[in-house]
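In the numbering used here, the protein residues as written are 41 to 225.
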């Protein structure tokens with residue numbers, strides 16, 4: 041058993057750090073979400089922020105966009121040129137993706153400073169790409185509603201997950217302790 045631990049120690053440490061961070065951040069986020077009344081369709085503040093920022097991006101190019109709270113579920117409705125094009129729910133705000141991103145970076149940590157700064161700037165990049173993703177998806181849904189399943193199910197998720205993957209690759213190969221160990225050789 042000891043030889044197993046020694047052989048796989050780096051992986052086991054990575055897994056432990058990832059799981060602890062992921063569970064802890066998910067617990068905190070779930071507590072935050074629980075403070076909003078789903079039965080009365082109360083939308084959490086971060087989802088409202090994402091919806092409003094997406095609307096503002098659209099308005100930067102075309103002044104005809106608005107958001108409003110749904111009367112039938114905890115979501116924000118985004119209208120473009122008077123047509124309802126997007127239902128922005130908690131799952132659209134990318135917070136769960138950011139939790140996954142942070143957990144991976146912590147598990148492959150570097151120095152405290154580089155880890156903290158990368159988490160901060162990486163989360164900001166994910167947030168900005170998510171806002172752009174929602175804005176572009178909304179405009180695309182207005183112009184190409186027949187491609188809804190491809191746009192919403194494939195192309196636009198690829199933007200957010202592709203961004204996270206690239207950030208992870210950059211982290212591991214440039215800033216993590218792993219990169220520092222392998223660059224010395």
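The C-beta atom is built at its ideal place from N, Cα and C for all residues, glycine as well.
Span separating the alpha-carbon of residue i from that of residue j
i, j, result
"residue 214", "residue 137", "21 Å"
"residue 203", "residue 173", "11 Å"
"residue 170", "residue 48", "36 Å"
"residue 111", "residue 156", "39 Å"
"residue 64", "residue 73", "14 Å"
"residue 216", "residue 205", "15 Å"
"residue 194", "residue 200", "11 Å"
Residue i, DSSP secondary structure in three states
i, result
"residue 127", "strand"
"residue 107", "strand"
"residue 306", "Outside the modelled stretch of the chain, which goes from 41 to 225, sits residue 306, for which no answer is possible."
"residue 96", "helix"
"residue 138", "helix"
"residue 85", "helix"
"residue 178", "helix"
"residue 75", "coil"
"residue 216", "coil"
"residue 154", "helix"
Boundaries of the beta strand (DSSP E) in which residue i is found, first to last residue
i, result
"residue 118", "116–120"
Sub-8 Å separation of residue i and residue j beta-carbons
i, j, result
"residue 187", "residue 120", "no"
"residue 142", "residue 163", "yes"
"residue 76", "residue 70", "no"
Contact set for residue i: own chain, Cβ-Cβ below 6 Å, skip 5 residues either direction
i, result
"residue 129", "115"
Proximal residues to residue i (C-beta, below 7 Å), its chain only, five neighbours per side dropped
i, result
"residue 208", "144"
"residue 147", "54, 57, 58, 61"
"residue 88", "116"
Below-8 Å beta-carbon distance, residue i vs any chain D residue
i, result
"residue 183", "Absent here is chain D; the protein component of the structure consists of one chain."
Contacts around residue i, its chain only, beta-carbon distance under 8 Å, and the 5 residues preceding and following it disregarded
i, result
"residue 178", "94, 98, 105, 118, 120, 125, 126"
The alpha helix (DSSP H) enclosing residue i, as first and last residue numbers
i, result
"residue 208", "196–210"
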